[in-house]
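Colleague: Residue numbers (the working numbering): 64 to 203. We put the beta carbon where it would ideally sit given N, CA and C, even for glycine.
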Amino acid sequence: MNLDSRWVVALLILAAVVAVVRVYQVIRRAREQSRDDFDARLVQDLRAMGANAFTPYEVDFFFSLPDEAACTSLSKALEPEGFATNSRAMSAETGGYSLHARKHLRVNVSEMQDYSKRFRVLAEQFGGQYDGWTTDPSRT
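#1: How would you label L162, buried or exposed, when you count the other beta carbons within 10 angstroms and need 16 or more for buried?
#2: Quick check on V154: does DSSP put it in helix, strand or coil?
#3: Can you list, in chain order, the residues of its chain with a C-beta nearer than 8 Å to that of F117? Leave out the 5 residues immediately preceding and following it.
#4: Compute the Euclidean distance between the alpha carbons of G158 and N149, then round it to the nearest angstrom.
#5: Considering only DSSP beta bridges, list what W70 is partnered with.
#6: Hey, how far is the Cα of K180 from the Cα of V71?
#7: For F146, collect the residues of the same chain with a Cβ closer than 6 Å to its Cβ; drop the 5 residues on either side in sequence, then sort them by chain order.
#8: With C-beta atoms as the reference, is D108 less than 8 Å away from Q176?
#9: Since S136 and D194 should fall inside the 8 Å C-beta cutoff, what is the C-beta to C-beta distance between them, to a whole number of angstroms?
#10: Buried or exposed, going by whether 16 or more other CB atoms sit within 10 Å of the CB of Y87?
#11: Quick check on A140: does DSSP put it in helix, strand or coil?
#12: Just the C-alpha distance for V172 and L74, rounded to the nearest angstrom, thanks.
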């Protein structure tokens, strides 16, 4: 291979690497946007059911964690902020534990997106995942 061929190959490899990185960034951004859209859709659905933006509602947050120690640690992180928590072992097939955290909050898009972002990070710190939130306009 002569010098010109090597440069062409090197440029093609570089272009392929740049393309792969760009595709990864686009996919990651789309996933983050989809998570944020989930929160926005839930808030929009609540408003359509008659929920008031100024009324605090009982909001339920859900986490999947690997063991009871992770549940205890996450509970200790949430309870000082006013969250009531409980956990239970999941079925033998799925394994792990489910943690439920509950708190009265005013439900709006930006705050719920902030909670979701924060809880995804917090769940990962304890080896688990954040499964989302829900509420019902009748639960004030």
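Modeller: Taking the coordinates as given:
#1: Within the sequence shown, the letter at position 99 stands for residue 162. By the 10 Å Cβ count, L162 comes out buried.
#2: The sequence position of residue 154 within the sequence shown is 91, counting from 1. Looking at the sequence shown, residue 154 is not Val but Ser. Note: S154 maps to coil in three-state DSSP.
#3: Residue mapping note: residue 117 aligns to position 54 of the sequence shown, counting from 1. Correct list, in chain order: R169.
#4: As a working note, residue 158 is residue 95 in the sequence shown. As a working note, residue 149 is residue 86 in the sequence shown. Rounded to the nearest angstrom, the two C-alpha atoms are 17 Å apart.
#5: Translated into the one-based positions of the sequence shown, residue 70 becomes position 7. Per DSSP, none; premise fails for W70.
#6: Here residue 180 refers to the residue found at position 117 of the sequence shown. Here residue 71 refers to the residue found at position 8 of the sequence shown. Those two C-alpha atoms are separated by around 43 Å.
#7: Reading the sequence shown from its first residue, position 83 is the one you call residue 146. The answer, listed in chain order, is A164 and K166.
#8: Counting from one through the sequence shown, the residue named residue 108 turns up at place 45. Counting from one through the sequence shown, the residue named residue 176 turns up at place 113. It is not a contact, given that the beta carbons lie outside the stated cut-off.
#9: In the sequence shown, residue 136 corresponds to position 73, counting from 1. In the sequence shown, residue 194 corresponds to position 131, counting from 1. Incorrect: roughly 17 Å between the Cβ atoms, too far for contact.
#10: Here residue 87 refers to the residue found at position 24 when the sequence shown is read from its first residue. It counts as exposed.
#11: By 1-based counting over the sequence shown, the position of residue 140 is 77. Residue state, collapsed to three classes: helix.
#12: As a first step, residue 172 must be located in the sequence shown, where it is residue number 109. As a first step, residue 74 must be located in the sequence shown, where it is residue number 11. Rounded to whole angstroms, V172 to L74 spans 45 Å at the Cα level.
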